[in-house]
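Data first, discussion second: the structure below is written as structure tokens.
In structure tokens:
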């Protein structure tokens, strides 16, 4: 947090939070204008809670108390309040004290803290959220410890402190418990915070998807229109709760519409309403939100358009919508949403505009586009796939893909998560949540607006500066299956939801078309799979022939998956058998049931009835849980620790594809994901062996000195000497260079460094361009050096323009480049590639999030397409990749431990057969960007 001037109102402390039960509340500093709110709040607190707060009966606050509790300097005396509907439901206060417990000012670093929560809101996690925020405020103001006196009977408050995860001490003094908390965040406190965040955000989504009652606000008086359509879909889905039609234009004597009670306002309903679907024009939304908020509605789906997608005025209207809804504890899906669906038999909710509601299934679908949502629902419907839940977030002004991942993570009805995203508001959080979810169930993402350089018009979110290729690499590092199109999204989802994960890349291919088999074989090779030669059953093959061949392939331990290819069966009459599709589908499902541990996919060309037969409900379970990746009997099992936890079982459906490339691509994604799951079960480590050669404290002191007291917010590049000193503190030596403006200077430099030497220009247009002659290597003596200097200056210009330097010759090897950069949204990113054309022209660069583990950097080096050049390509000598891995780990630690380092470039790094040499380095320092993932929980505010 930034520190404002003393006594100024710190508006950056204001935050919306999600509480344990899924409702929202606002935390803000208490001001002198809050006197009446404070008195009203205190009057609603029970005598017992007052006693616990003041250690004595304290029925009323005096005027002096009210003044004291509402007047703060926001430095030594701070008070925060939690509000719902503009009224206080809880307060917290700290007062800075000295070692004797008396009021003090800085540099005293301890404060007494006290909480008070209204009884009606106890148990909602209010105090825990307040503790996170008041602790962050205290750290900002230089306070390092909290002290609290708590009565032994106040078990709830003791538990709040005990469960926070901070280092603490406890003692008994004068009949009370004295608790002292060290406010420095710990791994435990961060884990506690994120665990609470997950449960609260998941619960907030659950409240939206499992309402007991729904009011459609804006239901039309005549058939047609958005509101009336949603009400019709809600009723046709068989919603198990109560439904209400609401429209302020209804006639006063109207009591019923489409068989449900009709009212002119939510207030008139007279019964609790859990969810309101708003289908009114944007100018009428504030009135509808107020009506809902005042009468306890728990969540909103806003279908109305005319918000951020329409310009600046709409953006401000969107912000006011979210602010108003959250002030009443409501979360918002939308605006410009398409709706939500929950197919659970206990709910049967279709509060959407979907013309073809999906069947019940195991796929969760989230989309930020209504049009894409329609296409995805239609595609899944046609191919016999069912959904567990569907959320179309529209402008995702509040509820986002992060919230949905929190819900799906623990949702027993969802086995596969599919997301269509046009923007990622918090990439750092998204990758964290996706990694955790992907460890249990597949997460498949297609990203729109990849190359526009900005978010879509309706998405008022921070824009990340990192390229899409980098985003893709980071998602894959987190276990996310990144696909390019919505068609691929459906293809991958169908396979992952209906088939077990493959134990490896070995694929059997069988079918009645040699040509289709060869296409499948080629597609497998293209995707990096290991296919066998296709088995041709000939065009005369019957369903029984397919069944027998599939049983044989599935029982063969040499295969991890099977692709069946089929064209229409032509009988003796020369015509296709119209009944063959159903019979073939039944035969294949029977065969697949004989070996439920291996995935099966089908590629067919115009076989009527086959897809329906393959996707008919029934059959044995063949989902990811039927055989956890790597634990089937069809392949040598890996060590037990590498097996990921099983996912819920799915139906015995077999996915069918109209093209070999689509089926194989989906299978290849499943193979790569299964491999990631096996590896993530035993994650890599950040080696401690480097500690002896790293001086973190000295580096921190150097960075502080280089930045100065008033650092340039845009950053400052370090000079060569400072760069070498800083990198040297992390065990990264940089070979020095000496200026050589004239031939005599070059000779003098060579004598200092020792022959052989390199003469090169540092002019920007020639830097690292040995192909243009800007670098002269292996100069063994003075004569060669003088000749090279003359040729360089005669060819390219004078010393002032060329800025030539001399450097000792490094051992021959492969030139590489290592970079690290800080993106405010995504965090620190470590990049690696081969120097020159591979990285600059072809974009052959691998990226990993920092901190990178030993496994991360090993995979990073091997993941670039030009990696064979490091490992002895065409008979060359392999280079020292172990030294390269160590260098990447050192750079990773450097930027992770010092966020002031906003960019590092090491180029070239020459990797020889033994060891490596860093020939060039650049470092840029700047004030560290804010880390919203380390602060207290808060909802984003766009």
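Numbering (the numbering used here), first residue to last: 13 to 954. Backbone N, C-alpha and C define an ideal beta-carbon position, used for all residues, glycine too.
May I have the straight-line CA-CA distance separating residue 648 from residue 521, to the nearest angstrom?
Here residue 648 refers to the residue found at position 636 of the chain shown. Here residue 521 refers to the residue found at position 509 of the chain shown. Per-residue confidence for residue 648 stands at a pLDDT of 33, beneath the threshold of 50, marking its modelled position as unreliable; no derived number is given.
Looking at residue 730 and residue 899, is the spacing between their C-beta atoms short of 9 Å?
Taking the first residue of the chain shown as 1, we reach residue 899 at position 887. Taking the first residue of the chain shown as 1, we reach residue 730 at position 718. The answer is no: Cβ separation not under 9 Å.
To which residues does DSSP link residue 362 through a beta bridge?
Counted from its first residue, the chain shown places residue 362 at position 350. Answer by DSSP bridge pairing, in chain order: 353.
Proximity below 9 Å, CB of residue 361 to CB of residue 247
Your numbering for residue 361 matches position 349 in the chain shown. Your numbering for residue 247 matches position 235 in the chain shown. For residue 361 and residue 247, no; Cβs fall outside 9 Å.
Quick check on this structure: which residue in 927, 88, 918 and 678 has the alpha carbon closest to the alpha carbon of residue 934?
Against the chain shown, residue 934 aligns to sequence position 922. Closest by alpha carbon: 918.
To which residues does DSSP link residue 268 through a beta bridge?
In the chain shown, counting from the first residue as 1, residue 268 sits at position 256. According to DSSP, which records beta bridges pairwise, residue 268 is partnered with 273.
Using a 10 Å radius around the Cβ and a threshold of 16 neighbouring Cβ atoms, would you call residue 537 buried or exposed?
In the chain shown, the residue the question calls residue 537 occupies position 525. With fewer than 16 Cβ atoms within 10 Å of its Cβ, residue 537 is classed as exposed.
Taking the Cβ atom as the reference point for each residue, do residue 930 and residue 901 lie within a distance shorter than 9 Å?
Position 918 of the chain shown, counted from the start, is the residue given in the question as residue 930. Position 889 of the chain shown, counted from the start, is the residue given in the question as residue 901. No, they are not a contact pair.
Any idea what DSSP makes of residue 658, helix, strand or coil?
As a first step, residue 658 must be located in the chain shown, where it is residue number 646. Legend: pLDDT at residue 658 = 42, less than 50; position of this residue unreliable, value from coordinates given subsequently. Three-state result, residue 658: coil.
Is residue 776 buried or exposed, if buried means 16 or more other CB atoms sit within 10 Å of its CB?
On the chain shown, position 764 is the one that residue 776 refers to. Its Cβ having fewer than 16 others within 10 Å, residue 776 is exposed.
Three or more C-beta pairs under 8 Å: does that hold for the segment 205-225 against the segment 257-277?
no
With distances taken between CB atoms, is the gap from residue 126 to residue 109 smaller than 9 Å?
Position 114 of the chain shown, counted from the start, is the residue given in the question as residue 126. Position 97 of the chain shown, counted from the start, is the residue given in the question as residue 109. Contact: no.
Since residue 240 and residue 231 should fall inside the 8 Å C-beta cutoff, what is the C-beta to C-beta distance between them, to a whole number of angstroms?
For the purposes of this step, residue 240 is identified with residue 228 of the chain shown, where counting begins at 1. For the purposes of this step, residue 231 is identified with residue 219 of the chain shown, where counting begins at 1. About 6 Å; that satisfies the 8 Å criterion.
Are the CB atoms of residue 574 and residue 612 nearer to each other than 9 Å?
As a first step, residue 574 must be located in the chain shown, where it is residue number 562. As a first step, residue 612 must be located in the chain shown, where it is residue number 600. Against a cut-off of 9 Å, the Cβ pair of residue 612 and residue 574 comes out as a contact.
Spell out the partners DSSP gives residue 819 in its beta bridges.
Numbered from 1 along the chain shown, position 807 holds the residue referred to as residue 819. 749 and 770.
How many Å lie between residue 953 and residue 338 at the Cα?
Working through the chain shown from its first residue, we reach residue 953 at position 941. Working through the chain shown from its first residue, we reach residue 338 at position 326. Distance between the alpha carbons of residue 953 and residue 338 is about 11 Å.
Pick helix, strand or coil for residue 569, following the three-state DSSP scheme.
Within the chain shown, residue 569 is the residue found at index 557, counting from 1. In the structure shown, the three-state DSSP call for residue 569 is coil.
Residue nearest to residue 496 in terms of C-alpha spacing, selected from 421, 678, 669 and 668
Reading the chain shown from its first residue, position 484 is the one you call residue 496. That would be 678, whose Cα lies nearest to the Cα of residue 496.
Tell me whether the beta-carbon of residue 622 lies closer than 9 Å to the beta-carbon of residue 597.
Position 610 of the chain shown, counted from the start, is the residue given in the question as residue 622. Position 585 of the chain shown, counted from the start, is the residue given in the question as residue 597. Contact: yes.
Determine the extent of the alpha helix (DSSP H) in which residue 46 is found, giving its start and end residues.
Working through the chain shown from its first residue, we reach residue 46 at position 34. Here residue 46 belongs to no alpha helix (DSSP H), and DSSP marks it neither H nor E.
Whole-Å CB distance - residue 557 paired with residue 610, under 8 Å assumed
Here residue 557 is taken as the residue at index 545 of the chain shown, counted from 1. Here residue 610 is taken as the residue at index 598 of the chain shown, counted from 1. Between residue 610 and residue 557 the Cβ distance is about 20 Å, and since that is not below 8 Å, they are no contact.
Can you list, in chain order, the residues of its chain whose CB lies under 8 Å from that of residue 382, leaving out five sequence neighbours each side?
Position 370 of the chain shown, counted from the start, is the residue given in the question as residue 382. Contacts found: 348, 349, 350, 365, 404 and 406.
Going by C-alpha distance, which of 32, 883 and 313 is nearest residue 213?
For the purposes of this step, residue 213 is taken as residue 201 along the chain shown, with counting starting at 1. Comparing alpha carbon positions, the residue from 32, 883 and 313 closest to residue 213 is 32.
I need the DSSP call for residue 808, collapsed to helix, strand or coil.
Stepping through the chain shown from its first residue, residue 808 is reached at position 796. DSSP places residue 808 in helix when its eight states are reduced to three.
In the DSSP assignment, what are the bridge partners of residue 159?
Start at 1 with the first residue of the chain shown, and residue 159 comes out as number 147. According to DSSP, residue 159 bridges with 124 and 192.
Do you know whose CA, among 264, 909, 549 and 666, lies nearest residue 602's CA?
One-based indexing of the chain shown puts residue 602 at position 590. Ranking the options by Cα distance to residue 602, first place goes to 666.
Residues in the same chain with beta-carbon distance under 7 Å from residue 16, minus the five sequence neighbours each way, listed in chain order, please.
One-based indexing of the chain shown puts residue 16 at position 4. At residue 16, the pLDDT of 44 sits below 50, so the modelled position is not reliable and the matter cannot be decided from this model.
Could you pull out every residue in the same chain whose Cβ sits closer than 7 Å to the Cβ of residue 675, ignoring the five residues on either side in sequence?
Within the chain shown, numbered from 1, the residue matching residue 675 stands at position 663. These residues qualify, in order along the chain: 575, 613, 615 and 669.
Any contact of the segment 846-862 with the segment 878-886, i.e. 3+ C-beta pairs under 8 Å?
yes
Throw me the rounded Cβ distance for the residue 229 and residue 289 pair, which I believe falls under 8 Å.
Indexing the chain shown from 1 puts residue 229 at position 217. Indexing the chain shown from 1 puts residue 289 at position 277. The C-beta distance from residue 229 to residue 289 rounds to 7 Å, short enough to meet the 8 Å contact threshold.
Could you have a look at residue 991 and say whether DSSP puts it in helix, strand or coil?
For residue 991 there is no data in the structure shown, the boundaries of the chain being 13 and 954.
With a cut-off of 9 Å, does the C-beta of residue 669 fall near any C-beta of chain B?
No chain B is present in this structure, which holds just one protein chain.
If you count every other CB in all the chains shown that lies within 10 Å of the CB of residue 705, and 16 or more means buried, which is it?
The sequence position of residue 705 within the chain shown is 693, counting from 1. Counting Cβ neighbours within 10 Å, residue 705 comes out exposed, since fewer than 16 surround it.
If we call anything under 9 Å between Cβ atoms a contact, is residue 170 one with residue 149?
For this step, residue 170 is matched to residue 158 along the chain shown. For this step, residue 149 is matched to residue 137 along the chain shown. A distance of 9 Å or more separates the beta carbons of residue 170 and residue 149.
Within a Cβ cutoff of 6 Å, which residues of the same chain sit near residue 136, ignoring the five residues on either side of it in sequence?
Reading the chain shown from its first residue, position 124 is the one you call residue 136. The answer, listed in chain order, is 31, 32 and 33.
How would you label residue 158, buried or exposed, when you count the other beta carbons within 10 angstroms and need 16 or more for buried?
On the chain shown, residue 158 is found 146 positions in, with the first residue counted as 1. The residue in question, residue 158, is buried, as its Cβ has 16 or more Cβ neighbours within 10 Å.
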